[in-house]
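A.B. asks: Using our numbering, the letters of the sequence shown correspond one by one to residues 839 to 1395.
Just so it is clear, CB atoms sit at the ideal spot from N, CA and C, and this is done for glycine as well.
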Amino acid sequence: MAVSSFRSGRLPLFHHPQLPNKAASAACTTRSIGGFKKPNGRFSSNPKCGRALFLFAQYSQSSQAQTQQDRLSSRLQNNLENLPKLLEDIVQTSISTGPRGALRLAQGIQAFVGVGGEWLADVSRSTNEPTGIPSQLQLGLLSPLYLRKLFERMGATYIKLGQFIASAPTLFPPEYVEEFQKCFDRAPAVPFEDIQAILREELGRPIDSIYEYIDPTPIASASIAQVHGARLKGSQDDVVIKVLKPGIKDILVADLNFIYIAARILEFLNPDFSRASLVGIVKDIRESMLEEVDFNKEATNIESFRRYLEAMGLTRQATAPRVYNYCSTRRVLTMERLYGVPLTDLDSISSLVSSPENSLITALNVWFGSLLACETFHADVHAGNLWLLRDGRIGFLDFGIVGRISPKTWAAMEVFLASIATEEYESMASALIEMGATNQNIDAKAFARDLEKIFSSIQEIDTEVVVATARGTNTNATAVSANIIVDERQMNALFLDVVRVSESYGLRFPREFALLMKQLLYFDRYTRLLAPDMNMLQDQRITIVSNRRSNYRDNIR
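(1) Note down, in chain order, each residue of its chain lying with its Cβ closer than 7 Å to the Cβ of M1372, except the 5 sequence neighbours on either side.
(2) So within the segment 976 to 1052, which uninterrupted alpha helix (DSSP H) runs reach at least 4 residues, ignoring any that extend past its ends?
(3) Which residue's Cα is closest to the Cα of R1160: R1145, G1151 and M1150?
(4) Select from T1138, P1084 and I1003 the residue whose C-alpha is nearest the C-alpha of E1040.
(5) Does the Cβ of V951 have 16 or more other Cβ atoms within 10 Å, making it buried, or fewer, making it exposed?
(6) To the nearest angstrom, how far is it from the Cα of I1380 to the Cα of L1358?
(7) Give the range of the alpha helix (DSSP H) segment to which F1361 is assigned.
(8) So, using beta-carbon positions, are S1059 and A1035 closer together than 8 Å?
(9) What's the gap between the Cα of E1130 and the Cα of S1208?
(10) Nearest to A1249 by CA position, among R1349, I1382, N1139 and R1338, is which residue?
(11) Out of I1243, V1170 and N1279, point me to the one whose CA is closest to I1062's CA.
(12) List the whole-angstrom C-beta distance separating V1065 from K1080, where the pair is believed to meet the contact cut-off of C-beta under 8 Å.
(13) So, using beta-carbon positions, are T1265 and S1257 closer together than 8 Å?
(14) Which value, in whole angstroms, describes the spacing of the CA atoms of E1013 and L975?
(15) Nearest to L1037 by alpha carbon, out of T1172, K1356 and A1269?
(16) Alpha carbon to alpha carbon, how far is M1355 from F1018?
(17) Residues bridged to Q1064 by DSSP?
(18) Could you tell me whether the segment 1339 to 1346 touches the segment 1279 to 1298, using the rule of 3 or more Cβ pairs below 8 Å?
(19) Considering only residues of the segment 1173 to 1239, which uninterrupted beta strand (DSSP E) runs meet the minimum length of 3 residues and lie entirely inside it, listed in chain order?
(20) Of all the CB atoms in chain B, is at least one closer than 8 Å to the CB of L1375?
(21) Would you list the residues sitting across from G1241 in a DSSP beta bridge?
(22) Does the distance from the C-beta atom of G1042 to that of R1175 stay below 8 Å?
(23) Do G1178 and L1227 come within 8 Å of each other at the CB atom, strictly closer than that value?
(24) Any idea what DSSP makes of L1070, helix, strand or coil?
(25) Which of the three DSSP states, helix, strand or coil, is assigned to R963?
(26) With distances taken from CA atoms, which of L941, S1186, A1284 and A1158 is nearest G1238?
(27) How would you call A1100, buried or exposed, if buried means at least 16 neighbouring beta carbons within 10 angstroms?
(28) Note down, in chain order, each residue of its chain lying with its Cβ closer than 7 Å to the Cβ of L999, except the 5 sequence neighbours on either side.
(29) Is it buried or exposed, T1182, if we count other Cβ atoms within 10 angstroms and call 16 or more buried?
(30) Relative to the C-alpha of Y1049, which residue among V961, L1070 and V1339 is closest?
(31) Ordered along the chain, which non-local residues of its own chain (more than five positions away) have a Cβ less than 6 Å from that of G1241?
(32) Please report the residue range of the alpha helix (DSSP H) in which Y1263 lies.
(33) Which residues mark the beginning and the end of the alpha helix (DSSP H) in which A1158 is found?
(34) Please report the straight-line C-alpha distance between D1229 and E1136, rounded to a whole angstrom.
(35) When burial is assigned at 16 or more other CB atoms within 10 Å of the CB, is N1314 buried or exposed?
(36) Give every residue of the same chain whose Cβ lies closer than 7 Å to the Cβ of I1089, excluding the five residues on either side of it in the sequence, and list them in chain order.
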C-alpha cells in the first residue's frame, strides 16, 4: 500500500540538511582563544589558554545548573500556589461522587482482572512462538487492543470515551484511533419490567393512558439507552420509545469525576499536560457525554433540524422523526417511527427509488445545508442513522451526537474540500494552516508537497478497490460489503495521514474538524456504492456554499 510507504519516513521534513556548527568550524581554523588552537590543527601548550577554557567551562556548567535550579524553584512555587485549588477540586468532586464511586471502583477492578486474564493467556500462548512475544502484548493492558477490551468491559462511560478517541485523531495516537473504531456499543437488554417502572416514574401516569401497546422486545439495546417499538393511544401513531437505562447517569458522573481528578493530578505533576490542555479535553468529553444522556437536548436537536427542513422547503425530500413532547422527558424520548433501509442496502434502495444517485444527492445537500443553518449538525451519519424511507425521502435518525462548527472553521473547511476536488495542494495546505492552532511559522510549500504525496498515493488504492469489486463472483450484496470494509480502512488511513503530517508541522485541529471529516468519509462510502461515477465535491448538483448561513437562519427564525 502506498500509504504505508509514506508512513515509513519519506517526508522531506525528516531530511533537513545538517547545519554547520559555526563555533566548531571557527575553532578549527582560527586562534580565537589566545592561540589555543593553531591553523594546522595542532594544540598549543600555552597554559593560560587552557586555564581560560577551564574557567569558561566551569562558569558555563555553573550557569546551567543555576538556570535549572531556578526552573525547578519556579515550578515548585507554582505547584504550591495551585495545591489548595487542586485539593479543593478533589474534595468537591469526591463529595459529588458519593458512595457510587466505591461501587464503580469494584466494577473497575473486576473488569481489570478479566482483561488481565485474557492478556496473560495470550502471552502464555505467544511464548511458544518462534517470533517471540508481539510488541502489542509487551505493552500489557496499555496496548490499544487490550485497552479497548477494558473500556468495553467498563461499560457506558468508557465505551463513549473509546468512541471519542476514535473520532478525535487530532488528539490521540493513530494506533489507538484505529483500534477504538472497533469499540462496540452494545449491552444486554434491561428487563422490560424495569423499563416500565422508568416510564411510570418519568411520565407520572399509567402507561396504558399514553401508549396503546409497547413491544416488550427491544429494537436495540446500547450501553446508555434501550429502544422499544410502541403505538400511541388515540392517534394510533407508530412510535419508538428511547429509555435511559437505570443508574447510567450515576455511573457517568462517578466515572467522569474520576477521570477529571486524574487529569487534574497529572497536570499538577507535569505542566506538559497542562500545555496539551488535558483537563480541557476531559471537560469536552464530559460535556459531550452528559448531553447524550439528556434526552431533552436530543429533542431540541431534532426539532431544530425539522425547523430547518420546513424553512427551506425540504420536507418532501428529507425528514427527522417527530418528537412527542407530552410523553418525553430527560430520560424518556418518544419519537415518530420511521420505516426504511440504510443507504448501504443497495437491493432495497433500488426497489424503492429509480435513481439511488438522486437520493444520495438529496442527502448530501440537506446535510451540507444544515452545517451552518442549524446551531448543531448531525455528527453520526453512519448507515444506521441515515435511511432511505419507504416514501422515497431521506430519514435522519438519532441526534444524540451532534457537532457545532464556527464560521472560521467552515470557511477553511470549504477551501480544504474544494482543493481536494481540484488537487490544488497549496490551497489545501493554506486551509489547514488557517484551521489549525499553532504558534509556529510553517513552510506552506513543503506542507503542500507532503499533502500531495498522501493524496496521490491514495489513487492507487481507489483503482484496486474498484477492480476487486468488479471481479466479485458472489452476490451483489457480498461484493458491496467487501467494498465498504476496504474503503473504510483506506479512508481512515488517508485521514490519519493528513492529521499526522499536519501535526509534524505543529498544527492542532479543533475536534469539529475531525467530526466533519468523519461524516464526509461516511458520505464518500455512500457515493462509491450508490453513485460510483460521481465526484461528491465537484458535482454541480451538490451545493457547498458558506453564504447561506444568514439566509437560512433568518428563515428559521
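C.D. replies: In short:
(1) E1195 and T1365
(2) 982 to 992, 994 to 1004, 1012 to 1018 and 1030 to 1041
(3) R1145
(4) P1084
(5) Flag for V951 reads exposed.
(6) Distance from the CA atom of I1380 to the CA atom of L1358, rounded to whole angstroms, is 13 Å.
(7) R1349 to L1368 is the span of the alpha helix (DSSP H), which, as asked, contains F1361.
(8) Annotated as distal: S1059 and A1035, with beta-carbon spacing of 8 Å or more.
(9) Our two residues, E1130 and S1208, have alpha carbons roughly 20 Å apart in a direct line.
(10) I1382
(11) V1170
(12) 5 Å
(13) The question names Thr, yet the displayed sequence has Ser at residue 1265. Contact flag set, yes.
(14) 14 Å
(15) T1172
(16) 17 Å
(17) S1059 and V1081
(18) yes
(19) 1178 to 1180, 1224 to 1227 and 1232 to 1234
(20) The structure shown contains no chain B; it is built from a single protein chain.
(21) F1215
(22) no
(23) Cβ atoms of L1227 and G1178: closer than 8 Å.
(24) Three-state result, L1070: strand.
(25) helix
(26) A1158
(27) Exposed: under 16 other Cβ atoms inside 10 Å.
(28) F989 and I1123
(29) Only buried fits T1182, as 16 or more other CB atoms lie within 10 angstroms of its CB.
(30) The residue with the shortest Cα to Cα distance from Y1049 is L1070.
(31) F1215, A1217, E1350 and L1353
(32) Y1263 to M1273
(33) No alpha helix (DSSP H) holds A1158; DSSP gives it neither H nor E.
(34) 25 Å
(35) Caution is warranted here: a pLDDT of 41 is assigned to N1314, below 50, making its placement in the model unreliable, and the coordinate value is therefore given only provisionally. N1314 should be labelled exposed.
(36) Short of 7 Å from the beta carbon of I1089, and not among the five residues preceding or following it, lie these beta carbons of its own chain, in chain order: R942, G993, A994 and T995.
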